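Read the structure below first, then the notes.
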Amino acid sequence: MPAVELTVLGAGPAYTNRPGATGAAYLLRSGATAILLDLGQGSFPRLMAELEPSDLAAVFISHLHPDHFIDLIPLRHYLRYEFKPGRRIRVFGPSGLDGRLDCLHAQPGFTAEALDVNALTAGSIPIEAIEVEARLVTHTNESYGFRVAPRAADRGLVYSGDCGRADDLAPLINPGDTLLSEVSFGPEPVPPGAAHLNSAAVGSLAASTGVGRVLLTHLQMGNDERATVDAVRARFDGPVELVQPGSRVEI
Numbered sequence: 001m002p003a004v005e006l007t008v009l010g011a012g013p014a015y016t017n018r019p020g021a022t023g024a025a026y027l028l029r030s031g032a033t034a035i036l037l038d039l040g041q042g043s044f045p046r047l048m049a050e051l052e053p054s055d056l057a058a059v060f061i062s063h064l065h066p067d068h069f070i071d072l073i074p075l076r077h078y079l080r081y082e083f084k085p086g087r088r089i090r091v092f093g094p095s096g097l098d099g100r101l102d103c104l105h106a107q108p109g110f111t112a113e114a115l116d117v118n119a120l121t122a123g124s125i126p127i128e129a130i131e132v133e134a135r136l137v138t139h140t141n142e143s144y145g146f147r148v149a150p151r152a153a154d155r156g157l158v159y160s161g162d163c164g165r166a167d168d169l170a171p172l173i174n175p176g177d178t179l180l181s182e183v184s185f186g187p188e189p190v191p192p193g194a195a196h197l198n199s200a201a202v203g204s205l206a207a208s209t210g211v212g213r214v215l216l217t218h219l220q221m222g223n224d225e226r227a228t229v230d231a232v233r234a235r236f237d238g239p240v241e242l243v244q245p246g247s248r249v250e251i
């Protein structure tokens, strides 16, 4: 039994022409504990195919861009209307998350009918068998990266969310961890003012922090997948993979 099993439900950016791509959503399980990192557009049906959604111990939202949280709406509806009485799930996210969802329906309290939203802060959050560490990263005015590991485990998974400065992730990483990182601009330079990463930044971070493996995600449309992976491998000599919906990784 792996210490943590990652199932990729969605790995896409805000839009793409890649068939089957859906918004960011990463399911992590350790023993009987299951948590979700982000829940972007179109990923809720894939969550349904993996486990009963109400069995989630918590959902963590990295930042308030819809490609990372908008499928909280079908999750909310499912919990509210499929069960009598309705069920609830804890959600941790940047301040204002519940207000964003309420505004979409012009209904104050819409979110709170099924989701217990907690404002994230930097630090460690115990969720049953799992420890989640959150840290602010450069992207929006409040964006988080996460480290997820079983309690007292030496190795875990570090998820970048969307991040414009690779060094922001370094304090989360322990040697041997798996790095799940956005690589929005692939092998190309990052345009000025775009708060995202490219292959060079991810490869350099991986090499300098001693991660055991790199999983790439959130590649923007028009970037070559093979060239993206090769450009990371040019700086990091460990395993590198571009994940897709349905990818499964034991950590």
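Throughout the sequence shown, residue numbering follows my numbering, covering 1 to 251 in sequence. We put the CB at the ideal spot given by N, CA and C, even for glycine. Since the model is a prediction, treat every value here as computed from it, not as a measurement.
Whole angstroms is fine: what's the gap from residue i's alpha carbon to residue j's?
i	j	result
Ile73	Pro66	11 Å
Met1	Ala11	A caution first: Met1 carries a pLDDT of 43, below 50, which makes its placement in the model unreliable, though a value can still be read off. Near 25 Å, if we compare the C-alpha coordinates of Ala11 and Met1.
Ser270	Phe83	An answer regarding residue 270 cannot be provided, because it is not within the stretch 1 to 251 covered by the chain.
Val158	Gly31	19 Å
Asp71	His139	21 Å
Pro108	Arg18	36 Å
Phe185	Ala112	37 Å
Ala14	Gly42	11 Å
Gly246	Gly20	10 Å
Arg294	Val91	Because residue 294 is not part of the residues shown, which for the chain are 1 to 251, the question remains open.
Asp167	Ala201	9 Å
Pro85	Ala34	22 Å
Asn118	Asn223	36 Å
Val249	Arg213	11 Å
Leu136	Gly93	12 Å
Tyr81	Gln244	31 Å
Please classify residue i: does DSSP put it in a helix, a strand, or coil?
i	result
Arg233	helix
Arg46	helix
Arg248	strand
Pro239	coil
Arg100	helix
Ser54	helix
Ile73	helix
Leu219	coil
Asp182	Note on identity: in this sequence residue 182 is Glu, with Asp being the wrong assignment. Strand at Glu182.
Give the C-beta separation of residue i and residue j to the nearest angstrom, bearing in mind that I take them to be a contact with Cβ-Cβ under 8 Å.
i	j	result
Ser199	Val183	6 Å
Leu28	Val8	Not confirmed; about 10 Å, so no contact.
Ile173	Val211	6 Å
Ala24	Asp38	4 Å
Arg235	Ala207	5 Å
Might you give, ordered along the chain, the residues of its own chain that have their beta carbon closer than 7 Å to the beta carbon of residue i, omitting 5 neighbours on each side?
i	result
Leu242	Leu216, Leu219, Glu225, Thr228 and Val229
Phe110	Leu101 and Asp102
Pro150	Ala3, Val4, Ser30, Ala129 and Ile130
Between residue i and the rest of its own chain, which residues show a CB-CB distance below 6 Å, the 5 nearest in sequence each way excluded?
i	result
Pro175	Gly210
Gly156	Arg147, Val148, Ala149 and Asp177
Ser95	Ala119
Excluding the 5 residues preceding and the 5 following residue i in the sequence, name in chain order all residues of the same chain whose CB lies nearer than 8 Å to its CB.
i	result
Gly123	Glu133 and Ala134
Closer than 7 Å: is that where the CB of residue i sits relative to any heavy atom of the ligand FAD?
i	result
Ala134	Questions concerning the ligand FAD fall outside what the structure shown contains, since it holds no ligand whatsoever.
Do three or more CB pairs link the segment 98-106 to the segment 126-146 at distances below 8 Å? no
Check whether the segment 153-172 touches the segment 44-54, counting contact only when three or more Cβ pairs, one atom from each stretch, lie closer than 8 Å. no
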